[in-house]
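Everything on this sheet refers to the single structure shown next.
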Amino acid sequence: MKYLPDQIVRINTKEGVRIFACTSANLAQTAHVYHQTSPIVTAAMGRALTAAAMMGIMQKGEKDTVSLQFKGDGPMGLLCAVSDSRARVRGSVANPEVYLPPNAKGKLDVGGAVGKGTLYVIQDLGLKEPYIGQTPLVNGEIAEDLTYYFAASEQTPTAVGLGVLVGTDEAVLCSGGFIAQLMPGAEEEAVAKLEQNIAKISSVTQLLETGITAAELAALLSEGFEQAGEAETITPEYYCGCSRERAEQALLSVGKEELASILEEDHKAELNCPYCDQKYQFSEADLESLLQRASDKESRQ
141 MKYLPDQIVR INTKEGVRIF ACTSANLAQT AHVYHQTSPI VTAAMGRALT
191 AAAMMGIMQK GEKDTVSLQF KGDGPMGLLC AVSDSRARVR GSVANPEVYL
241 PPNAKGKLDV GGAVGKGTLY VIQDLGLKEP YIGQTPLVNG EIAEDLTYYF
291 AASEQTPTAV GLGVLVGTDE AVLCSGGFIA QLMPGAEEEA VAKLEQNIAK
341 ISSVTQLLET GITAAELAAL LSEGFEQAGE AETITPEYYC GCSRERAEQA
391 LLSVGKEELA SILEEDHKAE LNCPYCDQKY QFSEADLESL LQRASDKESR
441 Q
């Protein structure tokens, strides 16, 4: 299936509102293919990746990253989405195959798959320690959980809308969403106007199904506002960045004794990337070489 290019459009207004609108069908479908997710998990991960991409470009530093971790007690287990400041995102999930009856609205029961628990938002800003914010999951539906996080942890009034539509063949039909925020000093009139604009969107998924673009969604949300500067357009992408070298570093990080144990007991090793399911094979000779490197490093210290 061919999709329109994924896009994020960011608009700042003179009234103190900033808006992020995103279309992300390619992102969501790529994650589905990598992880072989069931429709419920495809919807959950698509929403999380879309939000992470928009939150990624909120970061100021080129190497800054933001990680969203939805740690609920539902059958899906831990759901993670990570983005850098260029909206290059990746995701992982503990259990990609979850099947539940539709919820009370007849929709995919994402909230039931996630369950009750905690949302962790980890911002790595290149400092000694990352900033970690955490809030209870409101209902596990992702958008509402993030809305509450922004209000409770960052004290920023925020509306988050996310939607993913999955076809009968389990492929993604459309995906996207928005984040609209009131910045410090926003006028009361701006609050009312933004609420009116958001109220026009009864369903993000239905709106995306019409083929709306990120620019059109941003325009809908910013109707009646005076734009400050040019709108910015960013192309998000699913980007893992794993490599055999990183897999080697992961093996080296377990230490010389553990490496020796793997070599003695298994004579080989296989590491699977949690973000793209790439498999890295290490033979007995490879492990011997890594063990020698670990020993040399230890002797130099």
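According to our numbering, the stretch in the sequence shown is residues 141 to 441, in order.
For glycine and all other residues, C-beta sits at the position ideal for the given N, C-alpha and C.
Boundaries of the beta strand (DSSP E) harbouring Ile272: Tyr271 to Pro276, taken from the DSSP string.
Each of Glu404, Ser362 and Gly316 was checked against the Cα of Met185, and the nearest Cα belongs to Gly316. Taking 8 angstroms as the upper bound for CB-CB distance, Ile319 and Val306 are not in contact here, some 22 angstroms apart. Residue environment: Met141 is assigned as exposed (fewer than 16 neighbouring CB atoms within 10 Å of its CB, all protein chains considered). Rounded to whole angstroms, the gap between the alpha carbons of Val222 and Phe160 is 17 angstroms. When DSSP states are grouped into helix, strand and coil, Asp204 belongs to the coil group.
The beta carbon of Asn412 is closer than 6 angstroms to those of Lys419 in its chain, skipping five residues each way along the sequence. In this structure, the alpha-carbon of Lys200 lies about 16 angstroms from that of Ile151.
Looking at the DSSP output, Asp224 sits in a beta bridge with Thr205. Between Arg187 and Val304, the gap from beta carbon to beta carbon is short of 9 angstroms. In the structure shown, Leu361 adopts helical secondary structure according to DSSP, grouped into three states. Going by C-alpha positions, Gln147 is about 31 angstroms away from Gly257. Following the DSSP letters along the chain, one finds Val250 inside the alpha helix (DSSP H) bounded by residues Val250 to Val254.
Here the alpha carbons of Ala425 and Leu391 stand approximately 14 angstroms from one another. When DSSP states are grouped into helix, strand and coil, Val238 belongs to the coil group.
Rounded to whole angstroms, the separation of the alpha carbons of Ile262 and Ser225 is 14 angstroms. CA-CA distance, Gln367 to Gln336, rounds to 17 angstroms. Nearest neighbour of Leu167 by Cα position, chosen from Pro145, Ala253 and Gly273, turns out to be Pro145. A residue is called buried when at least 16 other Cβ atoms come within 10 angstroms of its Cβ; Gly252 meets this threshold and is buried.
Going by DSSP, Thr373 is part of the beta strand (DSSP E) stretching over Glu372 to Ile374. A direct Cα-Cα distance of roughly 40 angstroms separates Val250 from Gly395. When rounded, the separation of the alpha-carbon atoms in Cys162 and Tyr174 is 21 angstroms. In the structure shown, Val344 adopts helical secondary structure according to DSSP, grouped into three states.
When C-alpha distances from Gln432 are compared across Ser343, Glu410 and Glu388, the shortest belongs to Glu388. The residue among Thr353, Cys382 and Gly364 with its C-alpha nearest the C-alpha of Tyr143 is Thr353.
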